[in-house]
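J.: At position 76 of the sequence shown (counting the first as 1) the number is 141 in our numbering, and the numbers step up by one without a gap.
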Amino acid sequence: MKGLRNLSSMLVMALLLLVPSITKAAEQKVLGFEGKHAPVWYLKATRPYLIGGYGDNFNYDGSRVSPLLGTAEAALDAEKETGEMVVRITGTINPEKGKTYTGDITIYFHPVKGGPPFFEGGVADFIYIHGDTKQGPPVMPKTRTFLAAWGKADIYVNGRLVYKDLDGHMMYTERVRDRITKAIYNHDRSGYYSPRNPSDYSVAAPDERELHFVAHSEKKDPGNFPPNTVWIHLNFENAGDEM
Numbered sequence: 066m067k068g069l070r071n072l073s074s075m076l077v078m079a080l081l082l083l084v085p086s087i088t089k090a091a092e093q094k095v096l097g098f099e100g101k102h103a104p105v106w107y108l109k110a111t112r113p114y115l116i117g118g119y120g121d122n123f124n125y126d127g128s129r130v131s132p133l134l135g136t137a138e139a140a141l142d143a144e145k146e147t148g149e150m151v152v153r154i155t156g157t158i159n160p161e162k163g164k165t166y167t168g169d170i171t172i173y174f175h176p177v178k179g180g181p182p183f184f185e186g187g188v189a190d191f192i193y194i195h196g197d198t199k200q201g202p203p204v205m206p207k208t209r210t211f212l213a214a215w216g217k218a219d220i221y222v223n224g225r226l227v228y229k230d231l232d233g234h235m236m237y238t239e240r241v242r243d244r245i246t247k248a249i250y251n252h253d254r255s256g257y258y259s260p261r262n263p264s265d266y267s268v269a270a271p272d273e274r275e276l277h278f279v280a281h282s283e284k285k286d287p288g289n290f291p292p293n294t295v296w297i298h299l300n301f302e303n304a305g306d307e308m
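1) Just mark Ile245 as buried or exposed, buried being the case when its beta carbon has 16 or more other beta carbons within 10 Å.
2) Would DSSP call Pro182 helix, strand or coil?
3) Classify Ala91 as buried or exposed, calling it buried when 16 or more other Cβ atoms lie within 10 Å of its own Cβ.
4) Secondary structure at Ile116, three-state DSSP: helix, strand or coil?
5) Could you check the C-alpha separation between Tyr257 and Asn251 for me, to the nearest Å?
6) Does the count of Cβ pairs from the stretch 163-177 and the stretch 197-213 closer than 8 Å reach three?
7) Tell me the DSSP bridge mates of Ala189?
8) Going by the DSSP bridge assignment, what does Asn289 pair with across the sheet?
9) Give me the residue from Thr147, Ser128 and Val268 with the minimum Cα distance to Ala189.
10) For Tyr125, which of helix, strand or coil comes out of DSSP?
11) How long is the line joining the alpha carbons of Pro104 and Met236, rounded to whole angstroms?
12) For Gly118, count neighbouring C-beta atoms within 10 Å of its own C-beta (all shown protein chains included) and say buried if the count is 16 or more, exposed if not.
13) Count the C-beta pairs between the stretch 149-158 and the stretch 119-128 that are closer than 8 Å, then say yes if the count reaches three, no if not.
14) Under three-state DSSP, which class holds Thr294?
15) Between Lys109 and Gly305, how many whole angstroms is the CB-CB distance? I'm expecting something under 8 Å.
16) Give me the Cα-Cα distance between Arg240 and Val295, rounded to the nearest whole angstrom.
17) Can you check DSSP and say which residues form a bridge with Asp306?
18) Once you ignore the five residues that flank Glu307 on each side, which residues in its own chain have a CB closer than 8 Å to its CB?
19) Would Asn300 and His281 qualify as a contact pair, given that the criterion is a beta-carbon distance under 8 Å?
20) From the DSSP output, which residues share a beta bridge with Gly134?
21) Does the Cβ of Asn223 have 16 or more other Cβ atoms within 10 Å, making it buried, or fewer, making it exposed?
22) From Glu185 to Ser255, what does the alpha carbon distance come to, in whole angstroms?
23) Which complete beta strand (DSSP E) runs does the stretch 257-284 hold, if anything under 3 residues is left out?
24) Out of Val227, Phe183 and Met205, point me to the one whose CA is closest to Ala269's CA.
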């Protein structure tokens with residue numbers, strides 16, 4: 066009996082030691098949805114738009130969404146957390162105060178391993194991001210994201226390197242912006258989405274796909290939204306998975 070009592074005590078102690086780990090795992094649970102895909106994703110996107118510019122780089126009402134020419138292509142491995150995305154566009158961008166660039170713009174983006182649990186190591190698939198998910202800031206509404214990656218980006222204009230090692234982020238998602246107005250609306254379309262009220266949102270076309278790409282500096286500028294010195298936000302209206 067004494068041996069049984071000792072065994073019971075040991076089991077209780079073991080369970081108590083496990084509680085913090087179980088709690089931590091519960092806290093780190095990633096908000097996602099069911100989906101299947103090979104580890105490597107091949108994406109191609111066309112019909113690029115520049116979203117806003119210095120001062121407002123999300124432009125929820127669509128008034129400063131400008132068409133560009135170009136494509137984006139990505140090959141990303143969600144298991145190895147590796148790959149690259151290359152963006153080639155032609156047009157004009159205004160990535161920071163007092164600076165405008167015009168011409169052929171090429172962006173090289175590669176994921177970097179690490180980050181919070183929802184990064185899933187650097188390349189994540191089948192997760193919800195932004196809005197009220199607490200997985201990323203509420204700069205976008207809660208978005209069903211089939212593939213996302215976080216890493217570093219270099220930006221070239223007419224062959225000249227103008228920004229190196231910016232923080233980069235891509236998302237392959239359901240279509241959030243209205244195809245006609247380019248706006249992101251609230252739930253009943255009586256107004257526009259606001260990060261101050263992230264639960265009030267709508268998704269323009271859940272069955273369609275778009276590609277998002279952002280890059281920004283770490284240095285801050287309170288006159289910009291979001292408040293970083295450098296920001297570029299691109300949206301590709303036509304995006305597909307070439308598996």
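Built from N, CA and C at the ideal position, the CB exists for glycine as well.
T.: Inspection of the coordinates gives the following:
1) For the purposes of this step, residue 245 is identified with residue 180 of the sequence shown, where counting begins at 1. With fewer than 16 Cβ atoms within 10 Å of its Cβ, Ile245 is classed as exposed.
2) As a first step, residue 182 must be located in the sequence shown, where it is residue number 117. Pro182: helix per DSSP, three-state reduction.
3) As a position in the sequence shown, residue 91 is number 26, starting the count at 1. Residue placement at Ala91 is poorly supported in this model, since its pLDDT is 42, which falls under 50; the coordinates still yield a value, given next. Exposed, because fewer than 16 other Cβ atoms sit within 10 Å of the Cβ of Ala91.
4) Walking along the sequence shown from the start, residue 116 turns up at place 51. Ile116: strand per DSSP, three-state reduction.
5) To locate residue 257, count along the sequence shown from 1; it is residue 192. To locate residue 251, count along the sequence shown from 1; it is residue 186. In a straight line, the C-alpha of Tyr257 is about 5 Å away from that of Asn251.
6) no
7) Counting from 1 along the sequence shown, the entry for residue 189 is found at position 124. Its beta-bridge partners are Ala213.
8) The count along the sequence shown starts at 1 and reaches residue 289 at position 224. Answer is none; Asn289 lacks a bridge partner.
9) In the sequence shown, counting from the first residue as 1, residue 189 sits at position 124. With distances taken between Cα atoms, Ala189 lies closest to Thr147.
10) Indexing the sequence shown from 1 puts residue 125 at position 60. It is coil, neither helix nor strand.
11) Translated into the one-based positions of the sequence shown, residue 104 becomes position 39. Translated into the one-based positions of the sequence shown, residue 236 becomes position 171. So the two alpha carbons sit approximately 16 Å from each other.
12) As a working note, residue 118 is residue 53 in the sequence shown. Gly118 should be labelled buried.
13) no
14) Along the sequence shown, read from residue 1 onward, the residue named residue 294 stands at position 229. Here Thr294 sits in coil by DSSP.
15) Taking the sequence shown and counting its residues from 1, the one referred to as residue 109 is at position 44. Taking the sequence shown and counting its residues from 1, the one referred to as residue 305 is at position 240. Right, the Cβ-Cβ distance comes to about 6 Å (below 8 Å), so this counts as a contact.
16) Within the sequence shown, the letter at position 175 stands for residue 240. Within the sequence shown, the letter at position 230 stands for residue 295. Between Arg240 and Val295, the C-alpha separation is close to 25 Å.
17) On the sequence shown, residue 306 is found 241 positions in, with the first residue counted as 1. Paired residue(s): Leu108.
18) Indexing the sequence shown from 1 puts residue 307 at position 242. Tyr107, Leu108 and Lys109, listed in sequence order.
19) Counted from its first residue, the sequence shown places residue 300 at position 235. Counted from its first residue, the sequence shown places residue 281 at position 216. No, these two residues do not count as a Cβ contact at 8 Å.
20) As a working mapping, residue 134 is identified with position 69 in the sequence shown. Inspection of the sequence shows that residue 134 is occupied by Leu rather than by Gly. According to DSSP, which records beta bridges pairwise, Leu134 is partnered with Thr155.
21) Counting from one through the sequence shown, the residue named residue 223 turns up at place 158. Classification for Asn223: exposed.
22) Here residue 185 is taken as the residue at index 120 of the sequence shown, counted from 1. Here residue 255 is taken as the residue at index 190 of the sequence shown, counted from 1. Going from the Cα of Glu185 to the Cα of Ser255 covers about 36 Å.
23) 270-281
24) Here the question's residue 269 lines up with position 204 in the sequence shown. The shortest Cα separation from Ala269 among Val227, Phe183 and Met205 belongs to Met205.
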